[in-house]
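Presented below is the structure to which this report refers.
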Amino acid sequence: MDSYFLGGGTGMIALHSLAFGYSGQHPLGTLDGCFDTGSLTAIIGANGTGKSTLLKTLAGLLPPLGGCFCMVPQGQRQLGYLPQLTEFDRQFPLSVNDLVLMGCIPHSGMFGRISCLWRKKAIEALDTVGMTEFSQMHIGTLSGGQLQRVLFARLLVMQPSVILLDEPFTGIDVQTIRTLLVVIRQLHLEGRTILAVLHDMEQVEKYFSHVLMLSAEGHRWGRSADILHSLTAAVTPPQQGLLP
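Its first residue numbered 1, the sequence shown is counted upward by one per residue in the UniProt record's numbering.
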């Protein structure tokens, strides 16, 4: 059982012996700990260690196999979950602007009136991610990078306290990655609690202050610099002494 606290005693996400995995299978891991309010954490690890499964559990899409977790404050409007692009249905009949406006649903309700204020927020969000000129296009015509920008714009409209990102940079272009990293940094500065499944260790080291590394040998929590340094040391062979 692993335990770690990112910050003080009042955490945004608290895990209590949380066992995560798929029903009927052996749990992929058990975690005790806390992601504090405003923390910025990269979830890393080899394939099959449960990174995406953990996020789906925290998003409420999968039930815990044991233990529990809680978010403070509670409520769906506090949570923004962005799945992998491959899980998104691009054939759904929506324009870019329609998709971004869905970010206001947690605030106005499924059938609530979309006010001028929310429409303005959608325009501003699209401008932030550089997608204003695509606002009336069907989402099925977008590239992977363009669609990811639009999904981030929806998050900006939603304004959640907790943001869960599942491989947000996989399969998209370098310029989009740079744009979205700036958005993530801004959301972090606003005090959002952000968890992101990542594979690029350079991105982790440069942009994410903390790491949760999932491993079959035992999970590890800590500051990115410490975890990544220990990983480098583990794979670097000791230097041979110089001959006289």
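Cβ coordinates follow ideal geometry from the N, Cα and C atoms, glycine included.
Three-state secondary structure (DSSP) of residue i
i	result
Tyr81	strand
Thr37	coil
Ser230	helix
Thr86	helix
Ala19	strand
Met12	strand
Leu242	Its pLDDT being 45, under 50, Leu242 is placed unreliably by the model, and nothing is read from it.
Met131	coil
His210	strand
Gly50	coil
Val72	coil
Ser143	coil
Ala225	helix
Arg154	helix
Ile172	coil
Thr28	The displayed chain sequence assigns Leu, not Thr, to residue 28. It is coil, neither helix nor strand.
Ala125	helix
Arg185	helix
Arg220	strand
Gly45	strand
Leu164	strand
Leu99	helix
Leu62	coil
residue 260	An answer regarding residue 260 cannot be provided, because it is not within the stretch 1 to 244 covered by the chain.
Leu117	helix
Leu198	coil
Supposed close pair residue i, residue j - CB separation, criterion 8 Å
i	j	result
Gly130	Arg149	7 Å
Asp32	His16	6 Å
Leu62	Thr49	Their Cβ separation, rounded to whole angstroms, is 15 Å, which puts Leu62 and Thr49 out of contact at 8 Å.
Leu156	Thr128	6 Å
8 Å Cβ cutoff met for residue i and residue j
i	j	result
residue 255	Gly80	The displayed coordinates of the chain run from 1 to 244. Any statement about residue 255 would go beyond what the structure contains.
Ala14	Phe69	yes
Met71	Arg154	no
Gly140	Arg90	yes
Asn97	Ala122	yes
Phe88	Leu147	yes
Leu228	Glu205	yes
Gly21	Ser215	no
Gln195	Leu164	Before going further, note that residue 195 is Leu rather than Gln in the sequence given. Yes.
Phe152	Leu117	no
Option in the options with minimal Cα separation from residue i
i	options	result
Gln203	Ala225, Gly191 and Ser215	Ala225
Val100	Gln91, Ile194, Ser52 and Phe134	Phe134
Val162	Asp173, Phe92 and Arg192	Arg192
His199	Thr132, Phe92, Ser52 and Pro27	Ser52
Glu167	Ser23, Gly67, Thr86 and Gly222	Thr86
Pro83	Pro64, Cys104 and Leu54	Leu54
Phe92	Cys34, His138 and Val174	His138
His219	His26, Thr30 and Gly24	Thr30
Gln78	Pro160, Val174 and Ile105	Pro160
Ser95	Gln136, Glu190, Glu217 and Cys34	Gln136
Any non-hydrogen atom of the ligand PLP closer than 7 Å to residue i Cβ
i	result
Gln25	With respect to the ligand PLP, the structure shown offers nothing to examine, as it has no ligands at all.
Segment contact flag, the stretch 29-44 with the stretch 206-226, C-beta cutoff 8 Å, min 3 pairs: yes
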